[in-house]
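Participant:
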Amino acid sequence: MSGNKQEEDPRINGIKTKIRVVPDFPKKGIMFQDITTVLLDPKAFKDTIDLFVERYRDKNISVVAGIEARGFLFGPPIALAIGAKFVPLRKPKKLPGETIFEEYELEYGNDRLEMHVGAVEAGDRALVVDDLIATGGTLCAAINLLERVGAEVVECACVIELPELKGRQRLKGKPLCMLVEYR
Amino acid sequence: MFAAENGLKGDPRLEAISAAIRVVPNFPKKGIMFQDITTLLLDHKAFKHTIDIFVDRYKDMQISVVAGVEARGFMFGPPIALAIGAKFVPLRKPGKLPGKVISESYELEYGHDRLEMHVDAVEPLERVIIIDDLVATGGTLSAAISLMESQGAEVVECACVIGLPEVKGQHKLKGKPLYVLVEPSGLDEFC
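Protein sequence lines, in the order shown, are assigned to chains A and B. Each step along the first sequence adds one to the number in UniProt numbering, with nothing skipped, and position 76 is 76. Each step along the second sequence adds one to the number in UniProt numbering, with nothing skipped, and position 59 is 59.
1. If you draw a straight line from the C-alpha of residue 180 of chain A to the C-alpha of residue 54 of chain B, how long is it?
2. Cutting at 6 Å between CB atoms, please list the residues of its own chain near residue 154 of chain B, excluding the five before and the five after it.
3. Could you tell me whether any Cβ in chain A is nearer than 8 Å to the Cβ of residue 143 of chain B?
4. Within 10 angstroms of the Cβ of residue 39 of chain B, are there 16 or more other Cβ atoms? Answer buried if so, exposed if not.
5. So residue 34 of chain A contacts chain B; which residues on that side make the cut at Cβ distance below 9 Å?
6. Tell me whether the beta-carbon of residue 51 of chain A lies closer than 8 Å to the beta-carbon of residue 66 of chain A.
7. So for residue 99 of chain A, helix, strand or coil by DSSP?
8. So, for residue 124 of chain B: in the same chain, excluding its five sequence neighbours on each side, which residues have a beta-carbon less than 7 Å away from its beta-carbon?
9. Cβ closer than 9 Å: which chain C residues qualify as neighbours of residue 75 of chain B?
10. Determine, using beta carbons only, whether residue 140 of chain B comes closer than 8 Å to chain A.
11. Excluding five sequence neighbours on each side, which residues of the same chain lie with their C-beta closer than 6 Å to the C-beta of residue 75 of chain A?
12. For the candidate residues A:164, A:143, A:161, whose alpha-carbon lies nearest to that of residue 173 of chain A?
13. Kindly list, in the order they appear in chain A, the residues whose Cβ is closer than 8 Å to that of residue 121 of chain B.
14. Pick helix, strand or coil for residue 129 of chain B, following the three-state DSSP scheme.
15. Is the CB of residue 106 of chain A under 8 Å away from at least one CB in chain B?
16. Can you look up residue 103 of chain B in the DSSP assignment and give me helix, strand or coil?
17. Nearest-angstrom Cα distance between residue 138 of chain A and residue 166 of chain B?
18. Grouping DSSP H, G and I as helix and E and B as strand, with all else coil, what is residue 169 of chain A?
19. What residues in the segment 16-38 of chain B bring their beta carbon closer than 8 Å to a beta carbon of chain A?
20. Could you list which residues in chain A have their beta carbon closer than 7 Å to that of residue 79 of chain B, in chain order?
21. Decide if residue 109 of chain A is buried, meaning its Cβ has at least 16 other Cβ atoms within 10 Å, or exposed.
22. Which residues in chain A have a C-beta closer than 8 Å to the C-beta of residue 94 of chain B? List them in chain order.
23. Taking 8 Å as the CB-CB limit, is residue 147 of chain B close to chain A?
24. What are the residues that DSSP puts in a beta bridge with residue 184 of chain A?
25. What are the start and end residues of the alpha helix (DSSP H) that includes residue 42 of chain A?
26. Give the DSSP bridge partners of residue 162 of chain B, in chain order.
27. In the DSSP assignment, the alpha helix (DSSP H) including residue 145 of chain A goes from what residue to what residue?
28. Who are residue 92 of chain B's beta bridge partners in DSSP?
29. How many angstroms separate the CA atom of residue 169 of chain A from the CA atom of residue 111 of chain A?
30. May I have the straight-line CA-CA distance separating residue 60 of chain B from residue 140 of chain A, to the nearest angstrom?
31. What number of angstroms, rounded off, separates the C-alpha of residue 137 of chain B from the C-alpha of residue 71 of chain B?
32. Examine chain A for any beta-carbon lying closer than 8 Å to the beta-carbon of residue 53 of chain B, and answer yes or no.
33. In its own chain, which residues sit with a C-beta less than 7 Å from the C-beta of residue 20 of chain B, not counting the 5 before and 5 after it?
34. In whole angstroms, what separates the C-alpha of residue 129 of chain B from that of residue 66 of chain B?
35. Using a C-beta to C-beta distance shorter than 9 Å, which residues of chain A count as neighbours of residue 90 of chain B?
36. Going by DSSP in three states, residue 110 of chain A sits in which element: helix, strand or coil?
Okay, structure coming up:
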């Protein structure tokens, strides 16, 4: 099974009800999906992690890559539970060692995602984690970084998907697993 | 206080944690020996040891909140919170949190920065642990303590993986206990 919402699981609704929607953040017209309220509910947060761990623990994932900064909230607990390394993918100039970068488009201009050289090796099986997928630009940059060093991206995992932005189509054919849709 | 002085003397996990931390000289500027914890995150066993030590310490202390300082505190705080059944509260740079926030400023070497928290995140009388990867001057942690206290919460302890020499011998930060796992790696060669 790939790229499917976990439709049957009763834990999903509990998570969905904990997500707070903040209108007009960071600017007018955007309905911001705030996951900090999920983190405030130990059961909902645990259920979120458990759902991903159950999915990935037998898939021989050796790397969980998390996108700064909210991917850092979900990636490490998953990595610890499944026995994988955790690799932070960061904004420019945060990582202290030698890095490689990938550019991606913002609404106005570009930004970059960086990864430490040597963190991921050829043959690593990778999961990319972020709190939300919108246009898919950042996830695509993450996939590129991992593939450039010879890793295989098995799947992208997000708590929330905004399906109308069609980010799923920008993942270079990689499957997406998400828990909650927001339309 | 350092873990080795507080019940974990000779614990082989501390050595594994220390060995997994990479020192990057002259980052972000000349003269700074940056303590890079990303290599700890690449070592599953050592990362797990780090979390386990904090969890063992806090699990029976009725902690209801783990607060983590952006961004590296986000990598250690949630696993601890999940294991002890506490809420996780992110403490963030300005403008990142979408809801109503309170903020506290703290000093940098040149200038100031601010730490923000959502107003509804922490309630009065909650027992809080504040976590970050490293404590140097304690400025950021002090700001975090102020945020918690402004909400009527009780900071039980501040916890860091690494503590710079400035904090050795200092058991308290702003009157709150400070618990640190290891000293910086790699300093001996350069002293």
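Note that beta-carbon positions come from the ideal geometry of N, C-alpha and C, so glycine has one too.
Facilitator: Here's the rundown:
1. One-based indexing of the first sequence puts residue 180 of chain A at position 180. One-based indexing of the second sequence puts residue 54 of chain B at position 54. Rounded to whole angstroms, residue 180 of chain A to residue 54 of chain B spans 32 Å at the Cα level.
2. Locating residue 154 of chain B in the second sequence gives position 154, where the first residue counts as 1. Cβ-Cβ distances below 6 Å link residue 154 of chain B to 127 in the same chain, with the five nearest sequence neighbours on each side left out; the list follows chain order.
3. Sequence index remark: in the second sequence, residue 143 of chain B carries index 143 (1-based). Contact of residue 143 of chain B with chain A is not assigned, every C-beta pair being separated by 8 Å or more.
4. Residue mapping note: residue 39 of chain B aligns to position 39 of the second sequence, counting from 1. It is buried - the Cβ of residue 39 of chain B has at least 16 other Cβ atoms within 10 Å.
5. Within the first sequence, numbered from 1, the residue matching residue 34 of chain A stands at position 34. Within 9 Å Cβ-Cβ: 97, 98, 99, 118.
6. Start at 1 with the first residue of the first sequence, and residue 51 of chain A comes out as number 51. Start at 1 with the first residue of the first sequence, and residue 66 of chain A comes out as number 66. Result no, Cβ atoms of residue 51 of chain A and residue 66 of chain A do not sit closer than 8 Å.
7. Start at 1 with the first residue of the first sequence, and residue 99 of chain A comes out as number 99. For residue 99 of chain A, the secondary structure class from DSSP, reduced to helix, strand or coil, is strand.
8. Position 124 of the second sequence, counted from the first residue, corresponds to residue 124 of chain B. Excluding residues up to 5 positions away in sequence, 151, 152, 153 lie with their Cβ nearer than 7 Å to the Cβ of residue 124 of chain B in the same chain.
9. The displayed structure is made up of protein chains A and B, and chain C is not among them.
10. Mapped onto the second sequence, residue 140 of chain B falls at position 140. Not a single C-beta of chain A is nearer than 8 Å to the C-beta of residue 140 of chain B.
11. Indexing the first sequence from 1 puts residue 75 of chain A at position 75. So the qualifying residues of the chain are 64, 66, 86, 129.
12. Residue 173 of chain A sits at position 173 when you count from the first residue of the first sequence. The residue with the shortest Cα to Cα distance from residue 173 of chain A is A:143.
13. Along the second sequence, one-based indexing puts residue 121 of chain B at 121. Per Cβ cutoff of 8 Å: 36, 40.
14. As a working note, residue 129 of chain B is residue 129 in the second sequence. Of the three classes helix, strand and coil, the one that applies to residue 129 of chain B here is strand, per DSSP.
15. Within the first sequence, residue 106 of chain A is the residue found at index 106, counting from 1. Residue-level contact by beta carbon fails for residue 106 of chain A and chain B, as no gap is shorter than 8 Å.
16. Numbered from its first residue, the second sequence carries residue 103 of chain B at position 103. Note: residue 103 of chain B maps to strand in three-state DSSP.
17. Looking up residue 138 of chain A in the first sequence gives position 138. Looking up residue 166 of chain B in the second sequence gives position 166. Just so you know, the alpha carbons of residue 138 of chain A and residue 166 of chain B end up roughly 39 Å apart.
18. Counting from 1 along the first sequence, the entry for residue 169 of chain A is found at position 169. If DSSP states are grouped into helix, strand and coil, residue 169 of chain A belongs with the helices.
19. Cβ contacts with chain A come from 22, 24, 27, 28, 34, 36, 38.
20. Counting from 1 along the second sequence, the entry for residue 79 of chain B is found at position 79. For residue 79 of chain B, the residues of chain A that pass the 7 Å Cβ criterion are 76, 77, 80, in the order they occur in the chain.
21. As a first step, residue 109 of chain A must be located in the first sequence, where it is residue number 109. Under this definition residue 109 of chain A is an exposed residue.
22. Start at 1 with the first residue of the second sequence, and residue 94 of chain B comes out as number 94. Per Cβ cutoff of 8 Å: no residues; residue 94 of chain B is ~12 Å from chain A at best.
23. In the second sequence, counting from the first residue as 1, residue 147 of chain B sits at position 147. Closer than 8 Å: no.
24. A query on residue 184 of chain A cannot be resolved here, the shown segment of chain A reaching from 1 to 183 and no further.
25. For the purposes of this step, residue 42 of chain A is identified with residue 42 of the first sequence, where counting begins at 1. Element bounds for residue 42 of chain A: 42-56.
26. Here the question's residue 162 of chain B lines up with position 162 in the second sequence. Bridge pairing for residue 162 of chain B: B:134, B:182 [DSSP].
27. Here residue 145 of chain A refers to the residue found at position 145 when the first sequence is read from its first residue. For residue 145 of chain A, the enclosing alpha helix (DSSP H) covers residues 137-148.
28. Taking the second sequence and counting its residues from 1, one reaches residue 92 of chain B at position 92. The partner list for residue 92 of chain B (beta bridge, DSSP) reads B:116.
29. For the purposes of this step, residue 169 of chain A is identified with residue 169 of the first sequence, where counting begins at 1. For the purposes of this step, residue 111 of chain A is identified with residue 111 of the first sequence, where counting begins at 1. If I take the Cα positions, the gap works out to 20 Å.
30. In the second sequence, residue 60 of chain B corresponds to position 60, counting from 1. In the first sequence, residue 140 of chain A corresponds to position 140, counting from 1. Using only the alpha carbons, I get a separation of about 43 Å.
31. For this step, residue 137 of chain B is matched to residue 137 along the second sequence. For this step, residue 71 of chain B is matched to residue 71 along the second sequence. Cα-Cα distance, rounded: 18 Å.
32. Here the question's residue 53 of chain B lines up with position 53 in the second sequence. Under the 8 Å criterion on CB atoms, residue 53 of chain B is classed as non-interfacial with respect to chain A.
33. Taking the first residue of the second sequence as 1, we reach residue 20 of chain B at position 20. Apart from sequence neighbours up to five positions away, the residues of its chain that approach residue 20 of chain B with a beta-carbon distance below 7 Å are 39, 40, 43, 46, ordered along the chain.
34. Sequence index remark: in the second sequence, residue 129 of chain B carries index 129 (1-based). Sequence index remark: in the second sequence, residue 66 of chain B carries index 66 (1-based). If I take the Cα positions, the gap works out to 5 Å.
35. Taking the first residue of the second sequence as position 1, residue 90 of chain B is located at position 90. For residue 90 of chain B, the neighbours in chain A by C-beta distance under 9 Å run, in chain order, 36, 39, 69, 70, 73.
36. If you number the first sequence from 1, residue 110 of chain A lands on position 110. In this structure, residue 110 of chain A counts as strand in the three-state DSSP scheme.
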